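Structure record follows, encoded as structure tokens.
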Amino acid sequence: MHWYLTLLAIGLFSFASELHSRGRRAKRDLPANGFSGIWSSYLYSVLNCFHAKSAIQDACLRFKGRLFTFSLLGQWVVLARERGHVRDLCNAPEDVLSMELAAEELLQLRHIVGPLFTDELYHIPAIRTKLNLNLGDILPHLLEEMYAAFEDIVDTQIGDKGWSSITVYPTVCRVVCRVTSRVFVGKTLCRNEEYCKLASRFTDDVLVAGPILKFLIPSSLRSSIGKLYKMTFGHHKRMQAFLGPLIEDRQQKLRQNSKFTLPNDMLTWLMETAPSTTDQHYTESISMRMLNVNFVAMHTTTKTFTHALYYLASQRQYLPVLRDEVEQHLDSSDFTTWTKEALAHCVKLDSFFKETLRLNGLGATWMPRLTVSDFKFSDGTHIPKGYFVATAASVIHEDNTIYNTAQEFDGLRFSVMRKIVAETEEWDWRHKMTSTSEAYVAFGGGRHICPGRFFCLHGNEVFTSVYHPAL
């Protein structure tokens, strides 16, 4: 037992010493929040994980207008909040500030997911082009599955009582997973409970395992621990067992008839964009990518709609406003008449979701980048190679100099802005949920702006529109 405690103490001291050494290097270049002694710096880095939002707000007030380094569980991150700094971060090329390498490092994707995923990113064009261009075509399938999922998942919990207490997040997660999977793998598989459990659990498992591997496991052991993780959870093998027969069936039909029309879903789009159909890892690669596409599609949609539902429950004055808008533009008695264009006219609904995401983004920091080479901001601030850089997203979104009463929820905030702009300009895209700017970074920016943001908005609007009679 004593040797175990000794090894643990040595490991913690090494970890704290490395963090302190990084802090000393960071302090030479930029002001460092929370840097002091070896153990106190380590303690700050741990505590910051539990109250990151307030700690970052305090640091931004302390270093107003300046870039600074902030410690989060063993990692010093350069945080930007001023518009010019955010613009510089967005405009930097990938070979200087890399989003892909930052995500790979912070979530340890090479070990958790595998090199087949990190070395080939052909799922990104499938989302950016195929998915976005087909939003109108997949709308009927989304709507059909929304109604079916509501009956199977929500109505069964309510039963004949007329009402029931429901735990919101897991219920929304099940519905979103099923509806998303309908567009990704088709009607049969999306209603398979085991498939949906696999798709939804993968997101949570990666978000937990990645940081643990990054911050608690020595680099020399990460490859071995990653293999153990994949053997234990078996996400890829289980997904391959689901998708393998489906992929083979589609390939066989194409071999028999080259003019055969494949289903218009994500699986087909991935098959079409994959570099090679003869590669021995072809099915495994597509299965791995399907897990990650689910990760991207489900996480933001589920979280945003859950928060929106809580806002509707706590601020009921928005219910009649949103209900009237939906009924004005959409026929609730016949969803087959709904179109993407009709949904686009629901500007108050769009505003409600954008405001929800503004105050409840995916983290206090966002848009992580890793400096591949030395980088200089437009104000002359120099960031050496090997630093993580990110935006102080929550501080930007709650800045009273950008938004009036910025810390208060105003569901119609952006619809009012759009109305004002529309009186003087032809385009009002700047205040749509899917737009980005230095003042709104929920979907990132630059070349790495979230390619699935239109699907996220589409899903949330459809979700609310379908269920509006129950609200």
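In terms of mature numbering (1 follows the signal peptide of the UniProt record, and there is no 0), the sequence shown is residues -16 to -1, 1 to 455.
Glycine included, every Cβ here is placed at the ideal spot set by N, Cα and C.
The model shown is predicted, which means the values in this text are computed figures rather than measured ones.
### Message
Please list the terminal residues of the continuous alpha helix (DSSP H) segment that includes M223.
### Response
H219 to Q240
### Message
My parser needs the alpha helix (DSSP H) runs of 4 or more residues fully inside the segment 114 to 147; what are they?
### Response
119 to 133
### Query
DSSP beta-bridge partners for W60?
S55
### Query
Looking at the unbroken beta strand (DSSP E) that takes in L354, where does it start and where does it end?
W350 to T355
### Query
What separation, rounded to the nearest whole angstrom, lies between the Cα atoms of N444 and T140?
22 Å
### Query
Would you call P352 buried or exposed, if buried means 16 or more other Cβ atoms sit within 10 Å of its Cβ?
buried
### Task
Taking 8 Å as the cut-off, decide whether the C-beta atoms of T375 and V156 are in contact.
no
### Message
Mapping the DSSP letters down to three states, classify V280 as helix, strand or coil.
### Response
helix
### Message
Do A183 and G436 count as a contact pair if the criterion is CB distance below 8 Å?
### Response
no
### Message
For F19, count the other beta carbons within 10 Å of its own beta carbon; 16 or more makes it buried, fewer makes it exposed. Which is it?
### Response
Because the pLDDT of F19 is 49, which lies under 50, any placement of that residue in the model is unreliable, and the question is left without a value.
### Query
Cα-Cα, which of L81, E78 and L314 is closest to E325?
L314
### Span separating the alpha-carbon of residue 459 from that of M215
This structure leaves residue 459 out entirely; the chain is present only between -16 and 455.
### For C33 and D383, the rounded distance between their alpha carbons
22 Å
### Task
Would you list the residues sitting across from I367 in a DSSP beta bridge?
F359
### Message
Cutting at 7 Å between CB atoms, please list the residues of its own chain near K237, excluding the five before and the five after it.
### Response
F244
### Query
If you drop the 5 nearest sequence neighbours on each side, which residues of the same chain put their C-beta closer than 6 Å to that of R342?
H381
### Query
Comparing alpha-carbon positions, which option in A36, D233, V62 and K37 lies nearest K360?
V62
### Query
Buried or exposed: where does G430 fall if 16 or more other Cβ atoms within 10 Å of its Cβ makes it buried?
buried
#### Entry: Where the alpha helix (DSSP H) containing F336 begins and where it ends
V331 to L343
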